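This report refers to the structure that appears directly beneath it.
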Amino acid sequence: MEQKKFDPNSLIGFVLIFGILIWIMYKNQPTDAELATEKAKKELVVTPQAKSNNAKTVQNTISATSSDTLQLAQLQKSLGSFAYSAALPSAKESFTTLENKLVKLKIANKGGYIVEATLKNFERFKKGSGELVKLIKDNNANLNIQLFTSDNHTLNTKDLYFEPTVTQNGSDQILSMRLKAGANEFLEYKYVLKADDYMLDFDIQSQGLHKILNTSKPLNLEWDLKTYTNEKSISYENRYSELYFEHKEGKSDYLGLGSQEDDVVQDVSYIAYKQHFFSSILLSSTPFETAELHSTNLVQDDKVDTTFTKQFKAMVPLAFKNGEIDQKMNWYYGPTDYKLLKSYDRNLEDIVALGWGIFGWINRHAFIPMYGFLSLFISHGWAIVLFTILVKLVMSPITYKSFLSQAKMKVLRPEIAELGDKFKKDPMKKQQETMKLYNKAGVNPMAGCVPGLLQMPVFYALFQFFPSAIGLRQQGFLWADDLSSFDSIYKLPFSIPAYGDHISLFPILASIAIFFYMKMTTGDQQMAAPQQEGMPDMAKMMKIMIYVSPLMMLFFFNSYASGLSLYYFISNTITIGIMLVIKNYIIDSDKIHAQIQENKLKEPKKQGKFQRKLQEVMEQQEAMKAQQKKK
Numbered sequence: 024m025e026q027k028k029f030d031p032n033s034l035i036g037f038v039l040i041f042g043i044l045i046w047i048m049y050k051n052q053p054t055d056a057e058l059a060t061e062k063a064k065k066e067l068v069v070t071p072q073a074k075s076n077n078a079k080t081v082q083n084t085i086s087a088t089s090s091d092t093l094q095l096a097q098l099q100k101s102l103g104s105f106a107y108s109a110a111l112p113s114a115k116e117s118f119t120t121l122e123n124k125l126v127k128l129k130i131a132n133k134g135g136y137i138v139e140a141t142l143k144n145f146e147r148f149k150k151g152s153g154e155l156v157k158l159i160k161d162n163n164a165n166l167n168i169q170l171f172t173s174d175n176h177t178l179n180t181k182d183l184y185f186e187p188t189v190t191q192n193g194s195d196q197i198l199s200m201r202l203k204a205g206a207n208e209f210l211e212y213k214y215v216l217k218a219d220d221y222m223l224d225f226d227i228q229s230q231g232l233h234k235i236l237n238t239s240k241p242l243n244l245e246w247d248l249k250t251y252t253n254e255k256s257i258s259y260e261n262r263y264s265e266l267y268f269e270h271k272e273g274k275s276d277y278l279g280l281g282s283q284e285d286d287v288v289q290d291v292s293y294i295a296y297k298q299h300f301f302s303s304i305l306l307s308s309t310p311f312e313t314a315e316l317h318s319t320n321l322v323q324d325d326k327v328d329t330t331f332t333k334q335f336k337a338m339v340p341l342a343f344k345n346g347e348i349d350q351k352m353n354w355y356y357g358p359t360d361y362k363l364l365k366s367y368d369r370n371l372e373d374i375v376a377l378g379w380g381i382f383g384w385i386n387r388h389a390f391i392p393m394y395g396f397l398s399l400f401i402s403h404g405w406a407i408v409l410f411t412i413l414v415k416l417v418m419s420p421i422t423y424k425s426f427l428s429q430a431k432m433k434v435l436r437p438e439i440a441e442l443g444d445k446f447k448k449d450p451m452k453k454q455q456e457t458m459k460l461y462n463k464a465g466v467n468p469m470a471g472c473v474p475g476l477l478q479m480p481v482f483y484a485l486f487q488f489f490p491s492a493i494g495l496r497q498q499g500f501l502w503a504d505d506l507s508s509f510d511s512i513y514k515l516p517f518s519i520p521a522y523g524d525h526i527s528l529f530p531i532l533a534s535i536a537i538f539f540y541m542k543m544t545t546g547d548q549q550m551a552a553p554q555q556e557g558m559p560d561m562a563k564m565m566k567i568m569i570y571v572s573p574l575m576m577l578f579f580f581n582s583y584a585s586g587l588s589l590y591y592f593i594s595n596t597i598t599i600g601i602m603l604v605i606k607n608y609i610i611d612s613d614k615i616h617a618q619i620q621e622n623k624l625k626e627p628k629k630q631g632k633f634q635r636k637l638q639e640v641m642e643q644q645e646a647m648k649a650q651q652k653k654k
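According to this note's numbering, the sequence shown is numbered sequentially starting from 24.
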């Protein structure tokens, strides 16, 4: 039998084969992306709904219990490199909270955006209810960026999962939310909440995404918000809920209150979703090149539509710089308080509707400082009373001038009536002689109108001031439990068109005061002003207005802020008192008559510009009339 010998060539062959196998295994080991895909297979399942919508797939399939290989492959293809995020521990319904003494913000991993914004010092509807004001809750808000990949896929950040990291820098809370496309490629939302501040920093930046995204066009940032009702009167709150924006180097504007408002504006530095007394504002250090803005009124019937007031939408571009995104912004979630908004020095106070021109100037430089000072020491109700008294005292010289002019006209009325009888057939001559009488007696017929015109800016400024005064919110006075809303004393079992389903007492008192005020002033004006031939019966019209004006006040203010009705009640009551004092103790008709007769003996005063112009017009008309008679 032949003995077997050792073959060295065989040994060498086995070694080579083993080495080749080791090399093949090394070269074919899974990459990080493949490991992420394998792990995603265990954590992802595609719902039947996702078969027709890849974006919807991402939204509804995290944290499921089974998988389908073919559908998973389609999902991974749609996600591209962002499938990396699906394998992270943060790919689940989880939240991170940032909180200080003023505001509490809850940020979701999914979408990386705020899903709850609570104002800790304000309650809804009625003080003491315990329900805090929440500007964001129950999916009423959304922030999304459309990502266009280099392989022609479109992704939405609202459907993807961000990885949160919380750090602290002194009293600042910092939250980094990263949407990862790889170990070193990500899109980041960075939130910084300071202590005792409603404003937080918000930056969007990217790293390494120029390798993945199509950077030839900007990304679209979409911000939507449906505004919850927070006040007692839905229609009143809705009237002051508007979309404001600043553009073109500090110019503020708003969309309007129509059922559907849209606009495209350039160079936008902030967008504010105002909910009457509260606002959500997005600010940018670098103005957005354009902004598509939309506002939809959601209150068609305030008996049915009781949850939301407005639907606000905005879309702005985020431009790439050197292939990456770096946008410095801010969020503001807080009260629409003029002083607070002004303190940020970003023109945010412009969203407080104080009126334009002289009206806004009076509010900003007179009424806000005066009322703010008074409310530091006394309750808001008594502050309104004292505020009204001060305003009326300041306006009392104008009131006196008006009454003095009416008294002079009243004294001259018999002589004017004589001129009317004398020149009954020549109205032009009558007017000329009447003007001569005014000039000779030293009476200006326009003096009674000028004080009224001077009071109009104050009247309109106050009309704008009270609905914007957040200090009145949930502040009670007498029977009113909230001076920023109506003061219902009785709930009607039915609704009256244009009036409502309740009875407010302050508007009734204000209407009564207006009635007696007009009764007194209109009566004096009727006695002072002679009737003109060919003119409508002004006395009859003025009598009608005595009853119509209070009725309009009653209907218009029934659902308005009771603080405003309180002001008008106190204001007109004080005016009636001042009128009685002036009429009975200051103005003496006999002295006025004697003074007028004395003025007649003097050389007539030089006519004012208005009187001179009026005289010239009448003379021209008289000349034209004479010329026509000659023809």
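Just so it is clear, CB atoms sit at the ideal spot from N, CA and C, and this is done for glycine as well. This structure is a prediction, so every number in the text was calculated from the model and none was measured.
Strand pairing of residue i, partner residues [DSSP]
i	result
Asn-353	Asp-224 and Leu-306
Asn-162	In DSSP, Asn-162 forms no bridge with anything.
Ser-398	For Ser-398, which the question treats as bridged, DSSP gives no partner whatsoever.
Lys-297	Glu-265 and Ser-302
Met-479	The partner list for Met-479 (beta bridge, DSSP) is empty, contrary to what the question assumes.
Ala-347	Looking at the sequence itself, residue 347 is Glu, so the reference to Ala does not match. Glu-347 is bridged to Lys-344.
Glu-139	Lys-129
Lys-274	His-270
Gln-169	Asn-179 and Asn-243
Ser-318	Glu-284 and Phe-335
Gly-523	Ile-519
Lys-514	His-525
Gln-289	Thr-313
Thr-596	For Thr-596, which the question treats as bridged, DSSP gives no partner whatsoever.
Phe-500	Ala-503
Cutoff 6 Å; reference residue i; Cβ partners in own chain excluding five residues on either side
i	result
Thr-659	Outside the shown range of the chain (24 to 654) lies residue 659, about which nothing can therefore be said.
Gly-383	Leu-377
Leu-210	Leu-202 and Ser-229
Leu-371	Leu-364
Glu-284	Leu-278 and Ser-318
Phe-538	Pro-573
Phe-578	Ala-521 and Tyr-522
Asp-247	Asn-165 and Lys-336
Asp-349	Gln-228
Leu-242	Ile-168 and Leu-341
Rounded Cβ spacing between residue i and residue j (contact assumed at less than 8 Å)
i	j	result
Ile-385	Ala-484	4 Å
Gly-134	Thr-180	6 Å
Lys-249	Phe-300	Contact flag wrong, Cβ pair sits at about 17 Å.
Ile-688	Tyr-212	Past the boundaries of the shown model lies residue 688; the chain is included only from 24 to 654, so the question cannot be answered.
Thr-359	Lys-297	6 Å
Asn-162	Glu-245	No, Asn-162 and Glu-245 are not in contact; Cβ-Cβ is about 15 Å, not under 8 Å.
Ser-518	Met-576	In fact, because the Cβ distance is near 20 Å, the residues do not count as touching under 8 Å.
Ile-605	Phe-482	Contact flag wrong, Cβ pair sits at about 20 Å.
Beta-carbon contacts of residue i that lie in its chain and below 8 Å, excluding the five residues immediately before and after
i	result
Ser-402	Gln-498 and Phe-500
Leu-125	Leu-142, Lys-143, Asn-144, Asp-219, Asp-220, Tyr-221 and Gly-357
Ala-584	Tyr-259, Phe-489, Pro-490, Leu-495, Leu-506, Ser-507, Ser-508 and Phe-509
Asn-581	Phe-509, Tyr-522, Gly-523, His-525, Ile-526, Ser-527 and Pro-530
Ser-152	Glu-146
Ala-78	Per-residue confidence for Ala-78 stands at a pLDDT of 35, beneath the threshold of 50, marking its modelled position as unreliable; the derived number appears in the next sentence. The residues are Ser-101, Thr-177, Leu-178, Asn-179 and Asp-182.
Ser-398	Ala-406 and Gly-494
Ile-257	Val-322, Asp-325, Asp-328, Thr-329 and Thr-332
Nonlocal neighbours in the same chain, by C-beta distance under 7 Å from residue i, ignoring five residues either side
i	result
Lys-542	Ile-569
Pro-480	Ile-381, Phe-382 and Ile-385
Asn-237	Phe-171, Thr-172 and Ser-173
Tyr-608	none
Met-558	Only weak support is given to the placement of Met-558: the predicted model assigns it a pLDDT of 46, under 50, and the value that follows is read from those uncertain coordinates. There are no such residues.
Phe-29	With a pLDDT of 46 at Phe-29, under the threshold of 50, the modelled position of this residue cannot be trusted; read the value that follows with caution. Contacts found: none.
Ala-131	Phe-118 and Val-138
Leu-305	Trp-246, Tyr-293, Ile-294, Met-352 and Trp-354
Closer than 8 Å to chain D by CB, residue i
i	result
Gly-193	This model lacks chain D altogether; it includes just one protein chain.
contact_flag[the region 335–343, the region 214–221] where n(CB pairs < 8 Å) is 3 or more: Result no; under three Cβ-Cβ pairs closer than 8 Å.
Touching by the beta-carbon criterion (3+ pairs, under 8 Å), the region 275–293 and the region 188–198: Judged by pairs of C-beta atoms under 8 Å, the region 275–293 does not touch the region 188–198, as fewer than three such pairs exist.
Alpha helix (DSSP H) runs wholly inside the region 185–267, at least 4 long, in chain order: Within the region 185–267, the alpha helix (DSSP H) runs of at least 4 residues that lie entirely inside it are, in chain order, 257–262.
The region 251–271 in contact with the region 309–319 per 3-pair CB rule at 8 Å: Contact holds: three or more Cβ-Cβ distances are below 8 Å.
Segment contact, 8 Å Cβ cut-off, at least three pairs: the region 404–413 with the region 581–591: With the cut-off at 8 Å, the region 404–413 and the region 581–591 touch.
Contact the region 596–606 vs the region 418–428: 3+ CB pairs below 8 Å: At 8 Å Cβ cutoff, the stretches touch.
Ordered list of beta strand (DSSP E) runs contained in the region 390–437, each at least 3 residues: Qualifying beta strand (DSSP E) stretches: none in this window.
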